[in-house]
Amino acid sequence: MSTIDTLLQKAKEFHGEICPGIVMGTRMTMAGMRELGLDPLTKTHDLIVYVEIDRCATDAIQAITGVSLGHRSLKHMNYGKFAATFINTATGKAVRVAALPKNPNQPKDMKEVANMICNAPEEEIFTINNVKITIPKEDMPGFPTHKDVCSRCGEEIMDSKEVIIEGKAVCKNCAQGSYYTVL
């Protein structure tokens with residue numbers, strides 16, 4: 000079994016199917032890890048990945064690399080782009096892999112699209128750039144570096160995510176509005 004087939008199978012087991020996004024995320028992971036000198040078949044604790052979309056590609060990246068929100072090695076930046084930045088924390092090297100816009104002549108059938116992405120030359124589907132990224136210490140994996148309590152709702156806030164208003168710590172929900180409404 001080839002490397003891409005092995006990685007696609009791993010992503011499929013995590014996600015539930017192979018779709019164009021899973022193939023895209025698999026190819027992105029292979030490119031990013033290659034550029035960092037890392038093997039996608041070997042688990043490493045020296046990897047942090049910033050993903051820029053909450054779609055299937057992110058599942059492939061997570062399944063293949065083992066990065067996760069809970070381990071604080073997967074960071075989600077909600078930009079709506081099929082892009083990810085891979086950082087080797089041991090060397091400090093970082094590379095951003097971003098999908099090029101869709102080809103207007105792209106097939107409509109999802110299996111054909113997945114096959115096209117799987118077999119296309121890398122330069123036809125991605126841009127790959129070395130980038131500089133500074134990860135704040137409070138965003139690094141490990142134990143929380145700082146905890147506070149919201150002066151309005153009384154809930155704990157970790158990792159310096161509070162906002163200071165009139166000299167008091169306030170959680171972002173209270174300061175900026177929440178995604179939920181208490182009933």
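In numbering that gives the first Met the number 0, the protein residues as written are 0 to 182. Built from N, CA and C at the ideal position, the CB exists for glycine as well. As the structure is a prediction and not an experimental result, all values here were calculated from the model.
The residue from Glu16, Pro100 and Thr90 with its alpha-carbon nearest to that of Met109 is Glu16. The shortest C-alpha to C-alpha distance from Ile21 to any of Lys92, Thr5 and His70 is the one to Thr5. DSSP, read as helix, strand or coil, puts Asp108 in coil.
Residue nearest to Met115 within the set Met23, Phe13 and Leu7 is Met23 (criterion: CA-CA distance). Here Lys11 carries a helix assignment [DSSP, helix/strand/coil].
Looking at the DSSP output, Phe81 shares a beta bridge with no other residue.
If you keep only unbroken alpha helix (DSSP H) runs of at least 4 residues inside the region 33-90, you get 55-64. In the DSSP assignment, Ile127 falls within the beta strand (DSSP E) that extends over Phe125 to Val130.
A straight line joining the alpha-carbon of Ala59 with that of Thr144 spans about 30 Å.
If you draw a straight line from the Cα of Glu154 to the Cα of Phe142, it comes to about 18 Å. If you look at Lys167, you'll find it in the beta strand (DSSP E) that goes Lys167 to Val169.
Between Ala98 and Ala82, the C-beta spacing is below 8 Å.
Annotated three-state conformation of Lys146 is strand, per DSSP.
Nearest in C-alpha terms to Pro140, of all of Val112, Arg151, Arg71 and Thr57, is Arg71.
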